[in-house]
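Numbering (the numbering used here), first residue to last: 258 to 453.
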Ligand code: GAR
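Shown next, in the form of structure tokens:
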């Protein structure tokens, strides 16, 4: 059985879309794959409750617990890797996981680590993507599923979805339109990787 571990920091709606797609399409039987754990760096991430109520194992590795460490990022990533590796995942899925990962972490999961970002990469990596797309006058925005490399919001693109930017869009309205597409392309991209 191929295990997927999903990392979240917040509402976890992409995680929920993946879990629901996996259950609806019966990935366990058809793809020999299952979501084996949902891990958050925040104990108060709303997505944890959804994961628990859908039978997922959950864990919290709180990044703040490592702030007094000599090398906090490395210490946090080492603890996170230990938690993830309990599941020997075929795929580690970043789904709104809002931490910058060390090169060591990325190398450890080389070929098994993917992310979704709410812009048409390589445009608008980083934060505030929707407002930046509106401010730039973009007519189109979207989302990108990509393999994770050591450089933030880079890496080979696996899938993209495009939405129009409307004249009266706010960051909030554009974000909602993009997020609806994220919920479609992320499960699709994962299914394709599992079939490859
Ligand atoms: C999503 O829009 C995702 O693309 C974005 O955070 C949101 C998480 O929503 N990720 C990033 O910005 C990563 N750079 P969710 O918790 O409801 O899935």
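Where a beta carbon is used, it is the ideal one built from N, C-alpha and C, also for glycine.
Please read these numbers as outputs of a predicted model, since none were measured by experiment.
Look at the beta carbons and you see the region 289-304 not touching the region 373-384: under three pairs across the two are nearer than 8 Å.
Between residue 302 and residue 265, the CB-CB gap stays under 8 Å. Excluding residues up to 5 positions away in sequence, 428 lie with their Cβ nearer than 6 Å to the Cβ of residue 388 in the same chain. 410 is the residue among 394, 365, 335 and 410 whose C-alpha sits nearest the C-alpha of residue 355.
In summary, residue 397 is exposed, with fewer than 16 beta-carbon neighbours lying within 10 Å of its beta-carbon over all protein chains present.
With fewer than 16 other Cβ atoms inside 10 Å of its own Cβ, residue 282 counts as exposed. Rounded to whole angstroms, the separation of the alpha carbons of residue 277 and residue 370 is 21 Å. Close CB contacts of residue 402 within its chain, under the 7 Å cut and outside five residues either way in sequence, are with 371, 373, 415, 416, 442, 443 and 446 (chain order). Relative to the non-hydrogen atoms of ligand 1, the Cβ of residue 297 never comes closer than 7 Å to any of them. Residue 449 and residue 288 have their C-alpha atoms some 10 Å from each other.
Taking C-alpha positions only, residue 365 is separated from residue 426 by approximately 40 Å. Linking residue 322 to residue 329 through their CA atoms gives a straight-line distance of about 9 Å. Secondary structure of residue 417 (DSSP, three-state): strand.
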